[in-house]
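**Q**
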Amino acid sequence: MAFNLLNKDIETLTCPALVVFSKASSQKDKLAKVTHTELHKKLAASVEEKAISGKHQEVVVFRELGYKGFRHVIVIGLGKENKIDHESVRQSMASAFEAIKALGTKEAAIHFDGITASKKDAADFAKATVEGLILTSYVFNELMSGKKEEKEINVHVVTKLANDKAVKAAFNEGVVLATCTNFSRRLGDMPGNLMTPTILANSAVEAAKGTGLKVTVWDKARIKKEKMGGLLGVSNGSAQEPRFIIMEYKGAAASKKPVTFVGKGLTFDCGGISIKPSAGMEEMKYDMCGGANVIGTMLAIAKLKLKINAVGLVASTENLVGPEATKPGDVHTARNGKTFEINNTDAEGRLILADALSYATELEPQIIIDAATLTGAMVMALGNTHTGYFTRNAALKTKVEKAAGESGEWVWHMPLTDFHVKDMKGTFADLSNMSSGKGAGSATAAAFLEQFVGEGIPWAHFDIAGTGWAVGNRLPYCPRKGASGVMLRTFVEIAKQHA
Ligand code: BES
Ligand code: ZN
Ligand code: ZN
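Under the working numbering, residues 101 to 599 are what the sequence shown spells out, in order.
1. Under 6 Å Cβ to Cβ from glutamate 593, same chain only, skipping five residues before and after it: list those, please.
2. For the candidate residues Val173, Gly177, Arg190 and Lys350, whose alpha-carbon lies nearest to that of isoleucine 200?
3. List in chain order the residues whose CB is within less than 5 Å of at least one heavy atom of ligand 1.
4. Any idea what DSSP makes of arginine 589, helix, strand or coil?
5. Could you check where the alpha helix (DSSP H) with methionine 193 kicks off and where it finishes?
6. Does the beta-carbon of tryptophan 569 have 16 or more other beta-carbons within 10 angstroms, so that it is buried, or is it exposed?
7. Within the continuous alpha helix (DSSP H) that includes lysine 320, where are the two ends?
8. What residues in its chain sit with their C-beta under 7 Å from that of alanine 400, if we drop five residues either side in the sequence?
9. If I follow the unbroken alpha helix (DSSP H) through histidine 140, where does it start and stop?
10. Cα separation between glutamate 555 and methionine 384?
11. Assuming the contact rule is C-beta atoms closer than 8 Å, alanine 529 and phenylalanine 440 should be a hit. Round their C-beta distance to whole Å, please.
12. Just tell me which of Pro291, Phe283 and Lys320 has its CA closest to the CA of serine 303.
13. Would threonine 259 and leucine 453 be called neighbours here (beta carbons separated by less than 9 Å)?
14. Which residue or residues does DSSP assign as beta-bridge partners of serine 122?
15. With 16 as the cutoff for other CB atoms within 10 Å, does glutamate 348 come out buried or exposed?
16. Can you grab the Cα-Cα spacing for the pair proline 515 / serine 532, in whole Å?
17. Just to confirm, does glycine 371 get its C-beta within under 8 Å of one of the non-hydrogen atoms of ligand 2?
18. For lysine 133, verify whether its CB is less than 8 Å away from any heavy atom of ligand 2.
19. Just verifying my parser: in three-state terms, what is the DSSP assignment at lysine 314?
20. First and last residue of the alpha helix (DSSP H) that includes tyrosine 459?
21. For ligand 3, is there a heavy atom less than 8 Å away from the beta-carbon of asparagine 282?
22. What does DSSP give as the partner residues of aspartate 470 in its beta bridges?
23. Could you check if phenylalanine 162 is buried or exposed, using at least 16 other CB atoms within 10 Å of its CB as the buried criterion?
24. Where does the unbroken alpha helix (DSSP H) through glutamate 382 begin, and where does it stop?
25. Taking 9 Å as the cut-off, decide whether the C-beta atoms of lysine 123 and glycine 166 are in contact.
26. Taking the beta carbon of glycine 483 as the centre, do at least 16 other beta carbons fall within 10 Å, making it buried, or is it exposed?
27. Flag this pair as yes or no: are the beta carbons of asparagine 444 and proline 465 separated by less than 9 Å?
28. So what's valine 334 in DSSP terms, helix, strand or just coil?
29. Taking just the CA atoms, how far does threonine 517 sit from asparagine 393?
30. Give the list of continuous alpha helix (DSSP H) stretches no shorter than 4 residues that lie fully inside the region 524-578.
31. Return the CA-CA distance between threonine 236 and glycine 437, expressed in angstroms with no decimal places.
32. Can you tell me the Cα-Cα spacing of histidine 520 and glutamate 326, whole angstroms?
33. I'd like the list of long-range same chain contacts for cysteine 578, defined as Cβ closer than 6 Å, with 5 residues on each side in sequence excluded.
34. Sort out for me which residues DSSP pairs histidine 513 with in a bridge.
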C-alpha cells in the first residue's frame, strides 16, 4: 500500500477511482451536499432521493460513472457538516479505504480539498486522513499458508495545499504514527511461540536500525546482576529467558531530562501457579501490548526527529508454571530494594513493572508514562472504549487529556488515593501484590506501581487491558479482533509537549 499527498488539480487527474465526500446538513430536512460541486450537480437525483444522505461513514459507489478522468466515483459520508472533526475524518477514511479495496482498482484519488475549506483544519484533517487510511490497511495474515497476496493499492490524497508546510508535516506525521501503530499491532498479533521475549527484543533492535535509536537488551544474567527481582521472579517458571529492552533517543541537548515510557511485555501470561481458566487464555499472548506500543512510540519519536530526549523501557518475560516458578507466598526484592510477597502469581505485570519503573526513576526523567494490560478489573470498569489512566499530578493530567484529544484516542482519569496504597501493604514483606481490600483492582494495582516511582516525578499509568486488543467494531480503523496499538499516538503527542 502506498499513500501520498498529491499537489494536482483534481479536474486534470486521470485515475480509475475518485473518492469525494458528502456532508449532511445541520438543519433538519435539508439535503446533503457532495463536496465536489460539479459532481453534486451530476448526482443531484441521488441526493434528492437521499441515496446520498451525508450520514457518517455512508458509502455510495457509482461504478463506471465515467466522470472526467475517473471510471468510478465513491461518495463517503462525513456526517453533519457542523460536527466534522479530525476523528470523524479518520473514521470516514476507514470507509473510503474499504470501498477502494472492494472496487478492486490499483489506484484511487481522494478529493481532500472538499473535506474542509478551513486552512486551520487542513493540517489536522490531512493527518487524520492518512492515519485512517493506513490504520485501516493493516492485515495480519502472515501465518496463513494459503494467504491471498494483498493487492498493492496507491492512494493519492489530492490537495492544492500539498506544498503547504503545515499540511505536509501533518501528513507525514500521520504516516509515521499509523505505520508505527501497525508495527506495534503486528508484534501483538504474533502468537506467544513466535513472539518470545527474545524475539520481541530482536524486533525492537531490527526496527530501530537507521532511526538513530540506541537499543540495549539485557539478558537474564544481566537482569539478575541489575537486581531486577520482580522480572526475574516472574520469569522463573519459563524456559524462555526474560529480556529488558532499553531504547534511547537523543534529539536534544544532553542536559535536557528525558521523557520515559515503560511497557509491560508479558509475551504470554497463563497466570503462573495461580493459573488462569482455559477459556480465553489464548488471548494472553496480547499481554505484551503495552511493551509493543512503547516500542512503536519510540520508533515514531525517532522517525519524527522530535527535539527531546526519550527513553523507552520494556520488561519482557513469560508467566508460566515450570518447576522453578514463583509460588504463592514467595517473597522477591525489586530493584529499588522494596520487598513484595506474591499472593497471586497472576498479578505479575506489576512485579515486572516495579523494576522497570525503578530503573526509569534512576534516569531522573521529566515524566514517566507506562502502558500495561494490567488488570481484568479495568475491562470490567471501562470495557473496550476508554483506556483508564492514573496520575496524581494535575499538570500531567492536563497534558494527557490534551494529547488524547488531539490524537482521537479515548482516555478516562481513574482515582488513585492513599487508601489504595494502604490496601497493598504486605504481611511478611513491604508490599503484597494482592489487595487486602475489595474491589478497585485497577486502582490498587496502580497504587502498587506508585511505590516504585521516585517522589516528585510526574507519572501516569495507562491500563490498556480493555483497549489493547479486540476493540470490536467500535473503531472502523481498528481490527475487530487483533491488537489495536492504542495510546501510541497519544504518547507521541505527550512527547511533543516536552519539545
Ligand atoms: N494480564 C492480566 C490482566 C488482564 C486480564 C488483561 C484480562 C486483559 C484481560 C494480569 O496479569 C492479571 O492476570 N491480573 C489479575 C490480577 C489479580 C490476580 C489481582 C486480574 O486482573 O485478574
Ligand atoms: Zn496475570
Ligand atoms: Zn498479565
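Heads up, the beta-carbon is just placed ideally off N, CA and C, and yes, glycines get one too.
**A** Inspection of the coordinates gives the following:
1. Around glutamate 593: Ala503, Glu506 and Ser507.
2. Residue Val173 holds the alpha-carbon nearest to the alpha-carbon of isoleucine 200 among Val173, Gly177, Arg190 and Lys350.
3. Every residue with a CB closer than 5 Å to a heavy atom of ligand 1 is listed here in chain order: Asp369, Asp387, Asn444, Asp446, Ala447, Gly449, Thr473, Thr475, Gly476 and Ala565.
4. Shown here, arginine 589 sits in a helix according to DSSP, grouped into three states.
5. From DSSP, the alpha helix (DSSP H) with methionine 193 extends over 186-203.
6. Tryptophan 569 is buried by the Cβ-count criterion.
7. In the DSSP assignment, lysine 320 falls within the unbroken alpha helix (DSSP H) covering 320-325.
8. Once the five neighbours on either side are set aside, the close Cβ partners of alanine 400 are Val276, Leu277, Cys280, Leu588 and Val592.
9. Segment 137-142, the alpha helix (DSSP H) holding histidine 140.
10. Going by the C-alpha atoms only, they are around 33 Å apart.
11. Confirmed, Cβ separation roughly 5 Å.
12. Ranking Pro291, Phe283 and Lys320 by Cα distance to serine 303 puts Phe283 first.
13. No, the Cβ-Cβ distance between threonine 259 and leucine 453 is not below 9 Å.
14. Serine 122 has Val134 and Gly177 as its beta-bridge partners, per DSSP.
15. Taking a 10 Å sphere around the C-beta of glutamate 348, we find 16 or more other C-beta atoms and assign the residue as buried.
16. Each residue's alpha carbon lies about 20 Å from the other.
17. Within the cutoff, so yes.
18. Lysine 133: no, Cβ never under 8 Å from ligand 2.
19. Annotated three-state conformation of lysine 314 is strand, per DSSP.
20. That run of the alpha helix (DSSP H) goes 449-462.
21. Incorrect: asparagine 282 has no Cβ contact closer than 8 Å to ligand 3.
22. The partner list for aspartate 470 (beta bridge, DSSP) reads Val362 and His561.
23. The residue in question, phenylalanine 162, is buried, as its Cβ has 16 or more Cβ neighbours within 10 Å.
24. Here glutamate 382 belongs to no alpha helix (DSSP H), and DSSP marks it neither H nor E.
25. In this structure, glycine 166 does not lie closer than 9 Å to lysine 123 by Cβ.
26. Counting Cβ neighbours within 10 Å, glycine 483 comes out exposed, since fewer than 16 surround it.
27. No, the pair does not count as a contact, with Cβ atoms beyond the cut-off.
28. Three-state DSSP puts valine 334 in a helix.
29. If I take the Cα positions, the gap works out to 27 Å.
30. The region 524-578 contains these whole alpha helix (DSSP H) runs: 541-550.
31. Each residue's Cα considered, the two are about 45 Å apart.
32. Rounded to whole angstroms, histidine 520 to glutamate 326 spans 29 Å at the Cα level.
33. So the qualifying residues of the chain are Val571 and Ser584.
34. Per DSSP, Tyr489.
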